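First up is the structure itself, then whatever we jot down about it.
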Amino acid sequence: DTGVSQDPRHKITKRGQNVTFRCDPISEHNRLYWYRQTLGQGPEFLTYFQNEAQLEKSRLLSDRFSAERPKGSFSTLEIQRTEQGDSAMYLCASSPHFRDSSYNEQFFGPGTRLTVL
Amino acid sequence: GNSVTQMEGPVTLSEEAFLTINCTYTATGYPSLFWYVQYPGEGLQLLLKATKADDKGSNKGFEATYRKETTSFHLEKGSVQVSDSAVYFCALSLQGAQKLVFGQGTRLTINP
C-alpha cells in the first residue's frame with residue numbers, strides 16, 4: 040500500500056492558463072475527495088466521488104473547476120483560466136465505503152501546491 | 010451552518026509540558042468529531058476520533074472527549090515531545106455526509 044499520491048507536487052502558472060492535477064487513491068478505496076487549503080486555513084471541501092460518480096460538489100467549485108474520475112480509479116481536477124485567488128494547496132483523500140459504518144477514515148495525499156502569478 | 014473553531018496559534022511549549030488545544034463546533038444534527046495532524050512535509054493524518062457524545066478518542070498519548078453539552082472536543086496530552094511539533098486540525102463530519110469540515114488549524118512547536 041503506497042498511500043494516496045498526487046501529481047505534480049508543485050505547479051506555478053500564469054494567470055489565465057489552465058492546469059490539471061492528478062490523484063491516485065489507495066487501490067481498494069472507492070471514495071475519493073478533493074479539498075482546497077489556503078495559507079493559515081484548514082482544508083475546505085470541494086467535491087467527492089463514489090467510484091466514477093461525482094456525488095457532491097461544493098459551492099466553492101466554480102464553473103472554471105471540473106473534476107473527473109472516469110474509471111473509478113484515479114481522478115483529475117482541472118482549473119481553467121486560473122486566477123491569483125486559485126493559489127492554494129489542493130488535497131486529495133480516499134476512503135473505503137462500508138455500508139454498516141457511518142464514517143470511514145479519509146486518507147490524505149501530500150497535496151499539490153498551486154501558485155498563480 | 011456547520012463550522013469548527015480552534016484556539017488560535019501558534020502554541021509553543023517546552024518538552025514534557027501539558028498540552029490543551031481547544032476546539033468547539035457548531036452543527037445541525039449529531040456530528041462525528043476528529044483531530045487530524047500534519048507533520049512538516051507530510052499529508053494530513055487522522056490522530057483520533059469520536060463518533061458520539063461522551064466518547065473519548067485516544068492515540069499516541071493524545072486524548073479528546075466529545076462534549077455535547079459544551080459542543081467541544083479539546084485535544085490534550087499530558088507530556089509533549091519535540092516530535093509532536095506539527096499543525097493540528099479539528100474537524101467534524103455529519104452523519105450521512107462524508108465531507109469533513111475543518112477548523113483553521115493550530116501550529117504547535119515543542120522546544121527541547
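Protein chains in written order, with our numbering: chain B, 40 to 156; chain Y, 10 to 121. Beta carbons: idealized from backbone N, C-alpha and C, even for Gly. Quick caveat: nothing in here was measured; it's all calculated off a predicted structure.
Supposed close pair residue i, residue j - CB separation, criterion 8 Å
| i | j | result |
| --- | --- | --- |
| residue 132(B) | residue 153(B) | Not quite, the Cβ-Cβ distance comes to about 17 Å (not below 8 Å), so this is no contact. |
| residue 57(Y) | residue 94(Y) | So it is not a contact: roughly 18 Å between Cβ atoms. |
| residue 40(Y) | residue 109(Y) | At roughly 10 Å, the Cβ-Cβ gap does not stay under 8 Å, so residue 40(Y) and residue 109(Y) are not in contact. |
| residue 149(B) | residue 48(B) | 6 Å |
Helix, strand or coil at residue i according to DSSP, with G and I counted as helix
| i | result |
| --- | --- |
| residue 125(B) | helix |
| residue 102(B) | coil |
| residue 94(Y) | coil |
| residue 38(Y) | coil |
| residue 55(B) | coil |
| residue 76(B) | strand |
| residue 31(Y) | coil |
| residue 87(Y) | coil |
Top-ranked residue by Cα proximity to residue i, from the options
| i | options | result |
| --- | --- | --- |
| residue 10(Y) | 35(Y), 77(Y), 16(Y) and 24(Y) | 35(Y) |
| residue 14(Y) | 30(Y), 20(Y) and 107(Y) | 30(Y) |
| residue 77(B) | 67(B), 146(B) and 130(B) | 130(B) |
| residue 107(B) | 136(B), 63(B) and 145(B) | 63(B) |
| residue 81(Y) | 72(Y), 89(Y) and 87(Y) | 72(Y) |
| residue 101(B) | 111(B), 121(B) and 92(B) | 121(B) |
| residue 87(Y) | 96(Y), 77(Y) and 68(Y) | 68(Y) |
| residue 65(B) | 136(B), 57(B) and 79(B) | 136(B) |
| residue 107(Y) | 51(B), 48(B), 93(B) and 42(B) | 93(B) |
| residue 155(B) | 148(B), 84(B), 125(B) and 73(B) | 125(B) |
Assigned exposure category for residue i - 16 Cβ within 10 Å defines buried
| i | result |
| --- | --- |
| residue 53(B) | exposed |
| residue 114(B) | buried |
| residue 66(Y) | buried |
| residue 81(B) | buried |
| residue 27(Y) | exposed |
| residue 118(B) | buried |
| residue 114(Y) | buried |
Chain Y contact residues for residue i, given Cβ-Cβ distances below 9 Å
| i | result |
| --- | --- |
| residue 124(B) | Within chain Y, no residue comes near residue 124(B); the closest Cβ sits about 18 Å away, beyond 9 Å. |
| residue 70(B) | 107 |
| residue 60(B) | The premise fails here: residue 60(B) is roughly 14 Å from chain Y at the closest Cβ pair, so nothing lies under 9 Å. |
| residue 87(B) | 107 and 108 |
| residue 113(B) | Near residue 113(B) there are no residues of chain Y at all, since even the closest Cβ is about 17 Å away, more than 9 Å. |
Chain-ordered chain B contacts of residue i [CB-CB under 9 Å]
| i | result |
| --- | --- |
| residue 82(Y) | Correct list: empty, because the minimum Cβ distance to chain B is about 14 Å. |
Contacts that residue i makes with chain Y (C-beta to C-beta distance below 7 Å)
| i | result |
| --- | --- |
| residue 150(B) | 52 |
| residue 67(B) | Within chain Y, no residue comes near residue 67(B); the closest Cβ sits about 17 Å away, beyond 7 Å. |
| residue 145(B) | 109 |
Contact set between residue i and chain B, taken where Cβ atoms lie within less than 8 Å
| i | result |
| --- | --- |
| residue 113(Y) | 79, 80 and 81 |
Contacts that residue i makes with chain B (C-beta to C-beta distance below 7 Å)
| i | result |
| --- | --- |
| residue 98(Y) | 81 |
| residue 55(Y) | 144 |
Closer than 8 Å at the beta carbon, the chain Y residues around residue i
| i | result |
| --- | --- |
| residue 84(B) | 108, 109 and 110 |
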